[in-house]
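Visitor:
In my numbering, the protein residues as written are 151 to 259.
(1) Where does the unbroken alpha helix (DSSP H) through residue 234 begin, and where does it stop?
(2) Can at least three beta-carbon pairs, one atom from the segment 177-187 and one from the segment 196-211, be found at a separation below 8 Å?
(3) Give me the Cα-Cα distance between residue 183 and residue 212, rounded to the nearest whole angstrom.
(4) In whole angstroms, what separates the C-alpha of residue 161 from that of residue 188?
(5) Should residue 201 and residue 186 be called a contact, given that it needs their Cβ atoms to be closer than 8 Å?
(6) With DSSP run on the structure shown, which of helix, strand or coil describes residue 174?
(7) What is the DSSP secondary structure of residue 197, reduced to helix, strand or coil?
(8) If you draw a straight line from the alpha carbon of residue 193 to that of residue 222, how long is it in whole angstroms?
Structure (structure tokens):
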């Protein structure tokens with residue numbers, strides 16, 4: 151199946167809009183960052199912005215590492231016919247296991 155390729159700028163803007171519209175991100179920063187801000191050490195706004203920039207920088211670095219490792223691993227695994235066959239059997243076993251578990255647990259009334 152052919153996958154439609156999108157431009158990097160389109161992917162970036164999709165991610166940007168999703169993150170801007172996600173209230174969990176703002177709530178995380180409002181709850182997490184103030185613990186590390188010390189009003190006695192200087193301007194609170196600058197400290198908060200610096201911590202936010204550090205967070206974004208570290209997230210960017212680690213996310214890129216994950217992406218490159220996953221891409222490299224995916225290329226190797228997709229080229230391996232034995233892995234493809236094993237993956238299909240494993241997925242089938244997982245579905246069978248989930249079905250058996252669902253059938254045996256029943257509903258609790």
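Every residue, glycine too, gets a C-beta built ideally from N, C-alpha and C.
These figures come from a predicted structure and were not determined experimentally.
Guide: Looking at the coordinates:
(1) In the chain shown, counting from the first residue as 1, residue 234 sits at position 84. Note, residue 234: alpha helix (DSSP H), 231-255.
(2) yes
(3) Looking up residue 183 in the chain shown gives position 33. Looking up residue 212 in the chain shown gives position 62. Each residue's alpha carbon lies about 19 Å from the other.
(4) In the chain shown, the residue the question calls residue 161 occupies position 11. In the chain shown, the residue the question calls residue 188 occupies position 38. Approximately 37 Å, taken between the alpha carbons.
(5) By one-based count along the chain shown, residue 201 stands at place 51. By one-based count along the chain shown, residue 186 stands at place 36. Yes. Within cutoff.
(6) Residue mapping note: residue 174 aligns to position 24 of the chain shown, counting from 1. Three-state DSSP puts residue 174 in a helix.
(7) Residue numbering aside, residue 197 sits at position 47 when the chain shown is read from its first letter. In the structure shown, residue 197 sits in a helix (DSSP, three-state: H, G or I).
(8) Here residue 193 is taken as the residue at index 43 of the chain shown, counted from 1. Here residue 222 is taken as the residue at index 72 of the chain shown, counted from 1. Going from the Cα of residue 193 to the Cα of residue 222 covers about 44 Å.
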